[in-house]
Amino acid sequence: MTQETPKQTRREQILQALALMLQEDSGKRITTAALARQVGVSEAALYRHFPSKARMFEGLIEFIEETLFERIRRILDEEPQAQARCHHILTLLLGFAEKNPGLCRLLGGDALTGETARLRVRMTQLFDRLETQLKQILREAEIHEGLRTTLQVSAAANLLLATADGRITQYVRSDFRRLPTEHWEDQWQMLSARLLVAIPHPAHV
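Set out below in structure tokens:
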């Protein structure tokens with residue numbers, strides 16, 4: 001146990017340094033030599049904790065996955081209404097992006113250009129998982145709340161996620177000046193106004 005703690009601390013330092021470089025060196029390809037200088041260790045020391053740069057990126061992606069989906073589970077446990085669930089999940093995603101600007105370059109995929117294809121696949125799967133979660137929430141609204149989406153469920157879920165995804169992309173493109181949460185509550189009011197409507201009861205003959 002005591003032997004593992006320094007390794008864990010150094011591993012976290014490496015990932016934090018990588019996230020900071022993604023934020024500060026926007027658009028630049030990050031080398032292990034530059035990352036080693038940022039951490040203050042040799043390249044050999046980096047490879048004692050991560051066998052490759054791809055594994056370092058995977059470590060950050062794992063952090064994103066664990067953080068988002070742990071909090072989404074909490075939202076689903078605490079909030080019974082579909083519309084509020086969607087709102088909380090999207091707000092969580094935008095808030096997480098705003099607090100972690102370097103990781104937005106992973107979310108948007110531009111930091112993975114030229115890296116191994118499995119990293120881009122994994123990031124795509126993260127967004128697919130988010131969209132699937134939104135679809136499930138919207139489908140359950142019909143069962144539990146007597147509500148249906150005004151669009152097809154898949155189209156509605158895609159619209160919600162695409163809106164959040166677009167705000168994160170703007171954040172990166174503006175060099176992290178245009179905050180993802182800016183105007184979000186007003187925009188949500190418009191998005192949600194006709195997201196779900198009551199299912200009409202069949203007329204009695």
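In full-length UniProt numbering, the protein residues as written are 1 to 205.
We treat Cβ as the ideally placed atom computed from N, Cα and C, and that holds for glycine.
The beta carbon of residue 23 is closer than 6 Å to those of 101 and 102 in its chain, skipping five residues each way along the sequence. Residue environment for residue 51: exposed (fewer than 16 other C-beta atoms within 10 angstroms of its C-beta). For residue 193, there is no enclosing beta strand (DSSP E), as DSSP marks it with neither H nor E. Comparing C-alpha distances from residue 57 to each of 96, 111 and 125 shows the shortest one belongs to 111.
Comparing C-alpha distances from residue 15 to each of 60, 192, 94 and 65 shows the shortest one belongs to 60.
Residue 196 is positioned such that its CB atom lies no closer than 8 Å to that of residue 155. Rounded to the nearest whole angstrom, the C-alpha separation of residue 43 and residue 171 is 31 Å. Residue 200 counts as exposed, since fewer than 16 other C-beta atoms from the protein chains shown sit within 10 angstroms of its C-beta. In this chain, the beta strand (DSSP E) harbouring residue 149 covers 147-149. Residue 92 places its beta carbon less than 8 Å from that of residue 68.
In this structure, the straight-line span from the alpha carbon of residue 31 to that of residue 177 is close to 25 Å. In this structure the stretch 75-89 lies against the stretch 130-140, because at least three pairs of beta carbons, one per stretch, are closer than 8 Å. Secondary-structure assignment with DSSP links residue 198 through a beta bridge to 147. Taking each of 117, 123 and 162 in turn and checking the Cα distance to residue 191, the smallest one comes out for 162.
C-alpha of residue 65 to C-alpha of residue 29: approximately 23 Å in a straight line.
For residue 51, the secondary structure class from DSSP, reduced to helix, strand or coil, is coil. As the crow flies, the alpha-carbon of residue 49 is around 33 Å from that of residue 131. The shortest CA-to-CA distance from residue 169 to any of 25, 107 and 157 is the one to 107.
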